[in-house]
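So the sequences go chain by chain: A and B. In this note's numbering, each number is its position in the first sequence, counted from 1, plus 229. In this note's numbering, each number is its position in the second sequence, counted from 1, plus 229.
Protein chains: 2
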Amino acid sequence: MSKNSKIKDDCFALPKGIDWCPVDTALEKLKNGLSILPKEKFIPSEKSLDFIISQPIYALISNPNFSNSAVDGYGFHCENLSDENRFTLLPKVAYAGTNFVDIVPHNYAIRIMTGAKLPKGVNTVVLNEDVTLNNDQIFFRGKLEKGSNTRLAGEDVKKGDLLFNKGHRIKTQDLALLVAAGVKYISVYEPLKVGILSTGDEILDSSIDIKKLSEGMIFDCNRPLLSSLLSKWGCEIIDLGVEKDNYDKLKYKLNYASKKCDVLLTSGGASSGNADFLSQMIKDEGKLFEWRIAIKPGRPLSLGLWNKMPIFGLPGNPVAAFVCTLLFFYPSMSLMGGAGWREPVKFQVPSNFIKKKRAGRKEYLRARINNNGMIDVFKSEGSGRISGLSWSSGLVELSEEAMEINKGDRVNFIAYSSYGI
Amino acid sequence: MSKNSKIKDDCFALPKGIDWCPVDTALEKLKNGLSILPKEKFIPSEKSLDFIISQPIYALISNPNFSNSAVDGYGFHCENLSDENRFTLLPKVAYAGTNFVDIVPHNYAIRIMTGAKLPKGVNTVVLNEDVTLNNDQIFFRGKLEKGSNTRLAGEDVKKGDLLFNKGHRIKTQDLALLVAAGVKYISVYEPLKVGILSTGDEILDSSIDIKKLSEGMIFDCNRPLLSSLLSKWGCEIIDLGVEKDNYDKLKYKLNYASKKCDVLLTSGGASSGNADFLSQMIKDEGKLFEWRIAIKPGRPLSLGLWNKMPIFGLPGNPVAAFVCTLLFFYPSMSLMGGAGWREPVKFQVPSNFIKKKRAGRKEYLRARINNNGMIDVFKSEGSGRISGLSWSSGLVELSEEAMEINKGDRVNFIAYSSYGI
């Protein structure tokens, strides 16, 4: 379970001969190279929302746990009903949770409320409104099927049934099933510990006052962005702040990170310019793999190992950092965190735009669905346009081939909500 | 801003003559009857994820705040380039954040890194790889357009531009824009305070040991379910526990809730059976509106007012409670919380199932998308099947008309992720 035993030194090495690496090859490589990093722990199931389970979960009780009435009505034994049916009403009422009635003889019926346990002898319930009541007699017409308006013990889940397999991430609705099946404690993976570090001489922490924003400097958008994404994804965030391009300080941070984090996300310093201290340092003292991925927006994605801790080196540009985080880090994080490789659902939605695209790269356009259910794309593809992230509600994915998109053509749309954000 | 001034006594009254109320009429009525409940407060923008803003937000600085290079390359002044271009290289380098170069004369060029401020005289950058370097001369062919590979000050957002309007809910990617635009504090609505209360003599708190689950009793699935939904939606949860059908105790809880909560979600006691203490009490001492909504799954939705606090009375059945919460409470909560009425996106997805449906009700089927991009539906439509909630990733919505669905027909699919869960 420890990262030292699982991560191979070459987990990020691309096959030989790849220069511009297609997106799908990059994803396949990550999928095959990475492994689960956190330890397991035992937690109360009601606190388990968004945790990833590390052991299969089985039902401890059946759901329903006893056969009961699905409606307010009259319960009786039904084998072969005729067209006209008459039962003698017992003077008792079967309420949910109280006043249990032991047994109802044949040809007798009993008033029964939604959720009340079926007394012995009752296998069918007729709705209040379908019955004519006359003193202690009830009467109704029609052949009600045996079992109507009842919920049989275990019809949903039987004691011992597998509820969730290892690797499942607990969703809101799963909490209801865990309760119904009597599961109070579950084994989960600890949240993935993700370090975030922004680098660059021009970067200032976003909390610093505007007045101190000196010439040529910019605020760090990436840590607030990444930390909000990671919080949505249930990761534990280790904020390593902003670091200038200073060899000793960066080295200290990387060493510190490799002790505290399962994985590190850096931004900035991922291009191949002179000023890219971080890439150079990882190359010199760790392992660095620069993937030239055929993608727009995107710069080379730097993947590295530092004391066996995987590093995802994101572009400094927030738009490219955001897109790369969704495309490459989201499924990787899911795998490293124990939930297996997960890619989002893509929907085919008619386009409301026109575009010609050359062959070569996969392109991701900031997009949203308009009131006519069609896809609009953001006015600019420029990756400096941070406002386009807020404007959009997802990405249009255009494959590597050359193509001409006309209005009404269906295109692949990935809603940001598919990433749980 | 206080609830006492806004909620009208009849906000839940349906128009006369409606018996079975269509889903859309119910939604329209909620949309028109409800109003914003919480107060405003001022918070640091980096802590604002999922908050709803209560005042428009404007950019305090431009993004980018200064014109800069989008790549690592060579910067120069470009007016009319010829087919072959030659510049004399200055011996300085413009790095991001450091070593500013004041001015670059015409016919001179300077090495410039990504993010570095454009020196005076530079309006265009050519990529490293497009240039031939010869001592202090750089040379390249081709007509580069003026402004290439640069990002102009304010090209994304100008100081003073409106970033977000009142009612916008802050998403992960919005945090990057707030930082880039220098916005440190924002006005938001306090989280909506939502009380949750489960009622019924048969209901036991889910934390109680299985061994204490006596005959005819069931664990409360609804509070864990609702509380996880509300936490995803950024609400403040006031857990009012489980209450038996005891008049005095329920009345005490309702009075307490009306002091602490903006709105109350109850489950159980929403049908019209004898044992429905809660509905009866709200009818007697508050206001009760029972909406017979033409929907499956669903029972009458009880809407009430208690000391002017709105009450949404959900069915006790967790499947029906879940569906009603998504369909009716989600947009209502969004409106009451300040974000305006929000309904989820519906995608048209080809069905992998066959179904005949009679006219009358809207139907919601638990569904998910299979590996072929088609919709599978859960094996049972029974609302006792809690496991179907976990199995599904969304709902198929079938409109009121009679219809026959064949494989390949496109149906409306609402992903649970569209509800932010």
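All C-beta atoms, glycine included, are put in the ideal place defined by N, C-alpha and C.
Q: Keeping to the same chain, check which residues put their C-beta closer than 7 Å to that of Gly589 (chain A); ignore five residues upstream and five downstream.
A: Against the first sequence, residue 589 (chain A) aligns to sequence position 360. Answer for Gly589 (chain A): Ala523, Glu629, listed in chain order.
Q) Is the distance from the Cβ of Ala338 (chain A) to the Cβ of Asn297 (chain A) below 8 Å? A) As a position in the first sequence, residue 338 (chain A) is number 109, starting the count at 1. As a position in the first sequence, residue 297 (chain A) is number 68, starting the count at 1. Pairing Ala338 (chain A) with Asn297 (chain A) gives a Cβ-Cβ distance that is not under 8 Å.
Q | Cβ neighbour criterion (16 or more within 10 Å) applied to Ala499 (chain B) | A | Taking the first residue of the second sequence as 1, we reach residue 499 (chain B) at position 270. Confidence is the limiting factor: at Ala499 (chain B) the pLDDT is only 45, short of 50, which leaves the residue's position unreliable, though a coordinate-based value still follows. When all chains shown are included, Ala499 (chain B) counts as buried.
Q.
Quick check: the Cα distance between Ser311 (chain B) and Leu532 (chain A), rounded to an integer number of angstroms?
A. Within the second sequence, residue 311 (chain B) is the residue found at index 82, counting from 1. Within the first sequence, residue 532 (chain A) is the residue found at index 303, counting from 1. The straight-line gap from Cα to Cα measures roughly 41 Å.
Q | Cβ neighbour criterion (16 or more within 10 Å) applied to Trp520 (chain B) | A | Your numbering for residue 520 (chain B) matches position 291 in the second sequence. Counting Cβ neighbours within 10 Å, Trp520 (chain B) comes out buried, since at least 16 surround it.
**Q.** Segments of 4+ residues assigned as alpha helix (DSSP H) that fall wholly inside the segment 435-504 of chain A
**A.** List check, alpha helix (DSSP H) in window: 451-461, 476-489.
Q. Using the rule of at least 16 other Cβ atoms within 10 Å of the residue's Cβ for burial, across every protein chain shown, is Lys270 (chain B) buried or exposed?
A. Against the second sequence, residue 270 (chain B) aligns to sequence position 41. Looking at its Cβ environment, which holds fewer than 16 other Cβ atoms inside 10 Å, Lys270 (chain B) is exposed.
Q: Counting only the same chain and skipping the five closest in sequence on each side, list residues whose C-beta sits under 6 Å from that of Leu556 (chain B).
A: On the second sequence, residue 556 (chain B) is found 327 positions in, with the first residue counted as 1. Nothing listed; no residue qualifies.
Q: Identify every residue that forms a DSSP beta bridge with Ser416 (chain B).
A: Here residue 416 (chain B) corresponds to residue number 187 of the second sequence, with the count starting at 1. In the DSSP output, where bridge partners are listed per residue, Ser416 (chain B) has B:Phe271.
Q) Sorted by chain position, which residues of the same chain lie with C-beta nearer than 7 Å to Pro273 (chain B)'s C-beta, five sequence neighbours on each side aside? A) Counted from its first residue, the second sequence places residue 273 (chain B) at position 44. Within the same chain, Lys413, Tyr414 come within 7 Å of Pro273 (chain B) by CB-CB distance, once the 5 residues on both sides are set aside.
Q. Which full runs of the beta strand (DSSP E) of 3+ residues lie inside the segment 544-604 of chain B, going along the chain?
A. Entirely contained in the segment 544-604 of chain B, the beta strand (DSSP E) runs reaching 3 residues are, in chain order, 576-579, 584-586, 591-598.
**Q.** Own chain, CB closer than 6 Å to Lys333 (chain A), minus 5 neighbours either side, in chain order
**A.** By 1-based counting over the first sequence, the position of residue 333 (chain A) is 104. It should be pointed out that residue 333 (chain A) corresponds to Val in this sequence rather than to Lys. Contacts found: Ile339, Pro348, Gly350, Val351.
Q: Report the residues of the segment 310-337 of chain A with a CB closer than 7 Å to any CB of chain E, ordered along the chain.
A: This model lacks chain E altogether, as its protein chains are A and B.
**Q.** Exposure label - His335 (chain A); buried when at least 16 CB within 10 Å
**A.** As a first step, residue 335 (chain A) is located in the first sequence; it is residue number 106 there, counting from the start. Classification of His335 (chain A): exposed, given that the 10 Å Cβ count is below 16.
Q.
Under 8 Å, with one C-beta from each stretch per pair, do the segment 400-420 of chain A and the segment 429-440 of chain A reach the 3-pair mark?
A. Contact fails between the segment 400-420 of chain A and the segment 429-440 of chain A, because fewer than three Cβ pairs, one in each stretch, are under 8 Å apart.
Q) So which residues on chain A does Asp449 (chain B) lean against when the C-beta distance must stay under 9 Å? A) Reading the second sequence from its first residue, position 220 is the one you call residue 449 (chain B). Chain A residues near Asp449 (chain B): Val408.
(Q) Taking only three categories from DSSP, how would you classify Phe280 (chain B)? (A) Numbered from its first residue, the second sequence carries residue 280 (chain B) at position 51. Three-state result, Phe280 (chain B): coil.
Q. Less than 8 Å separating the beta-carbons of Asn546 (chain B) and Ser456 (chain B)?
A. By one-based count along the second sequence, residue 546 (chain B) stands at place 317. By one-based count along the second sequence, residue 456 (chain B) stands at place 227. The Cβ atoms of Asn546 (chain B) and Ser456 (chain B) do not sit closer than 8 Å to each other.
Q | Interface residues of the segment 270-285 of chain A facing chain B [CB-CB below 7 Å] | A | If you check each beta-carbon in the segment 270-285 of chain A against every beta-carbon of chain B, the ones closer than 7 Å belong to Glu275, Leu278.
Q. Per DSSP, what kind of secondary structure is Ser647 (chain B) in: helix, strand or coil?
A. For the purposes of this step, residue 647 (chain B) is taken as residue 418 along the second sequence, with counting starting at 1. Helix.
Q: Report buried or exposed for Lys400 (chain B), applying the criterion of at least 16 other Cβ atoms within 10 angstroms of its Cβ.
A: Along the second sequence, one-based indexing puts residue 400 (chain B) at 171. By the neighbour-count rule (16 or more Cβ atoms within 10 Å), Lys400 (chain B) is buried.
Q. Along chain A, in chain order, which residues have C-beta atoms closer than 8 Å to that of Arg380 (chain B)?
A. Here residue 380 (chain B) refers to the residue found at position 151 of the second sequence. Chain-order list of chain A residues neighbouring Arg380 (chain B): Gly611, Gly613, by C-beta distance under 8 Å.
**Q.** Gly567 (chain A) versus Ile286 (chain A) - alpha carbon distance
**A.** Here residue 567 (chain A) is taken as the residue at index 338 of the first sequence, counted from 1. Here residue 286 (chain A) is taken as the residue at index 57 of the first sequence, counted from 1. Near 15 Å, if we compare the C-alpha coordinates of Ile286 (chain A) and Gly567 (chain A).
Q: Return the chain-ordered list of same chain residues with a C-beta closer than 8 Å to the C-beta of Asn233 (chain A), the five sequence neighbours on each side being excluded.
A: Stepping through the first sequence from its first residue, residue 233 (chain A) is reached at position 4. Low local confidence applies: a pLDDT of 43 at Asn233 (chain A) is under 50, so the model's placement there is unreliable, with the coordinate-based value given in what follows. Counting only Cβ-Cβ distances below 8 Å, and skipping sequence neighbours, we find Lys537.
Q) If you drop the 5 nearest sequence neighbours on each side, which residues of the same chain put their C-beta closer than 7 Å to that of Glu633 (chain B)? A) In the second sequence, the residue the question calls residue 633 (chain B) occupies position 404. Excluding positions up to five away in sequence, the list reads Lys585.
Q: Determine which residues of the segment 339-365 of chain A have a Cβ less than 9 Å from any Cβ of chain B, and write them out in chain order.
A: Listed by position along the chain: Arg340, Met342, Thr343, Gly344, Ala345, Lys346, Asn357.
Q) Taking 8 Å as the CB-CB limit, is Leu507 (chain B) close to chain A? A) By one-based count along the second sequence, residue 507 (chain B) stands at place 278. Judged by the 8 Å Cβ criterion, Leu507 (chain B) is not in contact with chain A.
(Q) Does Ala325 (chain B) come out as helix, strand or coil in the three-state DSSP assignment? (A) Locating residue 325 (chain B) in the second sequence gives position 96, where the first residue counts as 1. It is coil, neither helix nor strand.
Q.
I want to see whether chain A comes within less than 8 Å of Thr495 (chain B), judged by CB atoms only; does it?
A. Position 266 of the second sequence holds residue 495 (chain B). Judged by the 8 Å Cβ criterion, Thr495 (chain B) is not in contact with chain A.
Q) Can you list, in chain order, the residues of its chain whose CB lies under 7 Å from that of Asn635 (chain B), leaving out five sequence neighbours each side? A) Mapped onto the second sequence, residue 635 (chain B) falls at position 406. Cβ contact annotation for Asn635 (chain B) (same chain, cutoff 7 Å, sequence separation greater than five): Ile583, in chain order.
Q) Run through DSSP, which three-state label would Gly252 (chain B) get? A) Along the second sequence, one-based indexing puts residue 252 (chain B) at 23. Going by the sequence as given, residue 252 (chain B) is Val instead of Gly. In the three-state scheme derived from DSSP, where H, G and I count as helix and E and B as strand, Val252 (chain B) is classed as helix.
Q.
Assuming Lys512 (chain A) and Leu534 (chain A) are in contact, meaning their beta carbons sit under 8 Å apart, how far apart are those beta carbons, in whole angstroms?
A. Start at 1 with the first residue of the first sequence, and residue 512 (chain A) comes out as number 283. Start at 1 with the first residue of the first sequence, and residue 534 (chain A) comes out as number 305. That belief does not hold up - the Cβ atoms of Lys512 (chain A) and Leu534 (chain A) are roughly 11 Å apart, past 8 Å.
**Q.** Alpha-carbon spacing of Trp462 (chain A) relative to Phe642 (chain B), whole angstroms
**A.** The residue given as residue 462 (chain A) occupies position 233 in the first sequence. The residue given as residue 642 (chain B) occupies position 413 in the second sequence. If I take the Cα positions, the gap works out to 24 Å.
Q. Is there at least one Cβ from chain A nearer than 8 Å to Met446 (chain B)'s Cβ?
A. Walking along the second sequence from the start, residue 446 (chain B) turns up at place 217. For Met446 (chain B), the answer is yes, since a Cβ of chain A falls inside 8 Å of its Cβ.
Q: Please name the residue, chosen from B:Lys388, B:Phe329, B:Leu318, B:Pro560, that lies closest to Asn357 (chain B) on a Cα-to-Cα basis.
A: The residue you call residue 357 (chain B) lines up with position 128 of the second sequence. Ranking the options by Cα distance to Asn357 (chain B), first place goes to B:Leu318.
Q. Taking Cβ-Cβ distances below 8 Å as the criterion, which residues of the segment 412-433 of chain A are in contact with chain B?
A. Within the segment 412-433 of chain A, the qualifying residues are Lys413, Gly429, Asp430, Glu431, Ile432.
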